[in-house]
Amino acid sequence: MPESIPATLIIDTLKDTFREARAALAAEVAEPPKHSHLGWILSVPDTHQKSVLAALDKEEQIRVLTCATEDEATTIAAGLHIGGEPCVLMIQHAGLYASVNTLRGVGMDGQVPIFYMIGLLSREKDKEPKDSRHSMVRYAEPLLDTFGVPHARLEGPDDVHLIPEYYRLSRERKGPAVVLVGLETI
Amino acid sequence: MAHDAKPPEAKLMKPEEILNLIHAQRGSAICVPTMTTGPHWRTIAPDDLSVGCVGFMGGASSLGLGLALARPDRRVLVLDGDGSLLMQLGSLATVAGAAPRNLVHFLFKNGVYHTSGAQGIPGGLTVDFVAMAKGAGYRLALAIHDIGDFKRRLPELLKAEGPIFVELHTGLSEQTPMTARVGVPFPQQVSDLRAKLLKPRARA
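Chains as they are written, first to last, in our numbering: chain A, -18 to 167; chain B, 72 to 275.
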């Protein structure tokens, strides 16, 4: 059975992910950006990850930018990438559906590495997403498969290693990569 | 409902003339052209600190915002269109909320979707983008109708604390992305600009 993941665990993992990304960039380029923060969260608020967003409000090492739409968040991520800044998009499945053209244009055709954490709001604990009563839950993984976007599911605290792995994957393949948040975070 | 879609050409600024003035005074600013500002910009600034918003119409302001946040040491100039901005109008609030001091958002207002055949945008020329930008919270928002006025104000606009929004009342550009030669593909533009900003180390 899937389990909820504590916000603190996700935030600590994000910090480690950003540190690793900055170290990798520093080894690769002569003039990496110099900021006091570790990285950016671009969020269109997700009910499923609201405990993480609430905890991030108190974090000084991670900057959070709330965007009006997922299209914006995806495109802002491209600008941050060009400028050398690490970032993670935190959205929900409905936002993925709403921003498919930008995912295609920026992430896929544009070959911009973009890492998403997407909440599967309303996913039933005792069901695989494909068996959910809710179309929002059912269609997320098939949509990502259709677009050839690699994805994995966080089904409990033991899965947080997938966050840095898929972040790295987005950089290696120069495109989008996704982890889906299976249950609401706590 | 019919709108006053097409601008009376004789009274309006030429987009190319505006772009020439911006290019001459931009210094080391990063520029983000989109749609009809793209072809002429490519001609006058073919190999520089620019990245065009191509393939995701409406994204210029957000692309510029990401760059401005990543590189606060540089000015970022967004060369947007009115039809484009309408596609992601919420970005006005997102830009204003992030409050990048180094961002200037130029809006080339012609009242039409020039690239797709000059169909009128919703609301035509009556849409008041300056009021929207002010309402969203840009530090400064103004409209300019006259090229002489633009020449006078440009140096200050390129120095003042942002985010700044400038609605430019223009005629139609000579070229659109549909009539001009194809530019450098977006992935290559991304890679080139990133390399210019970050300076990759030579591989041993």
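All C-beta atoms in this analysis are idealised placements derived from N, C-alpha and C, irrespective of residue type, glycine included.
Query raised in the report: Between the Cα of residue 105 of chain B and the Cα atoms of B/208, B/99 and B/124, which residue gives the shortest distance?
Result: Here residue 105 of chain B is taken as the residue at index 34 of the second sequence, counted from 1. Considering only alpha carbons, the answer is B/124.
Query raised in the report: What is the DSSP secondary structure of residue 268 of chain B, reduced to helix, strand or coil?
Result: Your numbering for residue 268 of chain B matches position 197 in the second sequence. The answer is helix: DSSP assigns residue 268 of chain B an H, G or I state.
Report task. Rounded to whole angstroms, what's the CA-CA distance from residue 117 of chain B to residue 138 of chain A? Just pull it up for me. Result -> Translated into positions along the second sequence, residue 117 of chain B becomes position 46. Translated into positions along the first sequence, residue 138 of chain A becomes position 157. Taking the straight line from one Cα to the other gives about 50 Å.
Query raised in the report: Are the C-beta atoms of residue 226 of chain B and some chain A residue less than 8 Å apart?
Result: Translated into positions along the second sequence, residue 226 of chain B becomes position 155. False, the Cβ-Cβ gap to chain A never drops below 8 Å.
Query raised in the report: What residues in the region 43 to 65 of chain A bring their beta carbon closer than 9 Å to a beta carbon of chain B?
Result: Cβ contacts with chain B come from 44, 46, 47, 48, 49, 50, 52, 53, 54, 55, 56, 57, 58, 59, 60, 61, 62, 63, 64 and 65.
Requested in this report: Can you tell me which of B/232, B/149 and B/219 puts its alpha carbon nearest to the alpha carbon of residue 178 of chain B?
Outcome: Here residue 178 of chain B refers to the residue found at position 107 of the second sequence. The shortest Cα separation from residue 178 of chain B among B/232, B/149 and B/219 belongs to B/149.
Query - Contacting residues, own chain, Cβ-Cβ under 6 Å from residue 73 of chain B (five flanking each side not counted) - result: Numbered from its first residue, the second sequence carries residue 73 of chain B at position 2. For residue 73 of chain B, the predicted structure reports a pLDDT of 46, less than 50, and the residue's modelled location is therefore unreliable. A value from the coordinates is still provided. For residue 73 of chain B, where only same-chain residues beyond five positions count, there are no Cβ hits under 6 Å.
**Report entry** Contact set for residue 267 of chain B: own chain, Cβ-Cβ below 7 Å, skip 5 residues either direction
**Finding:** For the purposes of this step, residue 267 of chain B is taken as the residue at position 196 of the second sequence. Cβ within range, chain order: 120.
Query raised in the report: Mind checking residue 128 of chain B: buried by the 16 CB within 10 Å criterion, or exposed?
Result: Taking the first residue of the second sequence as position 1, residue 128 of chain B is located at position 57. Classified as buried, residue 128 of chain B has 16 or more neighbouring CB atoms from the shown chains inside 10 Å of its CB.
Query raised in the report: Run through DSSP, which three-state label would residue 120 of chain A get?
Result: Position 139 of the first sequence holds residue 120 of chain A. Residue 120 of chain A carries a coil assignment under DSSP once its states are collapsed to helix, strand and coil.
Query - Rounded distance between the beta-carbons of residue 134 of chain B and residue 56 of chain A, thought under 8 Å - result: For this step, residue 56 of chain A is matched to residue 75 along the first sequence. For this step, residue 134 of chain B is matched to residue 63 along the second sequence. With a Cβ gap of about 5 Å, residue 56 of chain A and residue 134 of chain B count as contacting.
Requested in this report: Count the CB pairs spanning the region 165 to 180 of chain B and the region 228 to 248 of chain B that are closer than 8 Å, and state whether there are at least three.
Outcome: In short, these stretches touch, since the Cβ pair count reaches three.
**Report entry** Residue environment, residue 115 of chain B, which counts as buried when at least 16 other CB atoms sit within 10 Å
**Finding:** In the second sequence, counting from the first residue as 1, residue 115 of chain B sits at position 44. Exposed, since its Cβ has fewer than 16 Cβ neighbours within 10 Å.
**Report entry** Nearest residue (CA-CA) to residue 24 of chain A, options B/145, B/144, B/86 and B/169
**Finding:** Reading the first sequence from its first residue, position 43 is the one you call residue 24 of chain A. Of B/145, B/144, B/86 and B/169, the smallest CA-CA separation from residue 24 of chain A is found for B/169.
Query raised in the report: Can you give the Cα-Cα distance for residue 152 of chain B and residue 108 of chain A, rounded to whole angstroms?
Result: Position 81 of the second sequence, counted from the start, is the residue given in the question as residue 152 of chain B. Position 127 of the first sequence, counted from the start, is the residue given in the question as residue 108 of chain A. If I take the Cα positions, the gap works out to 47 Å.
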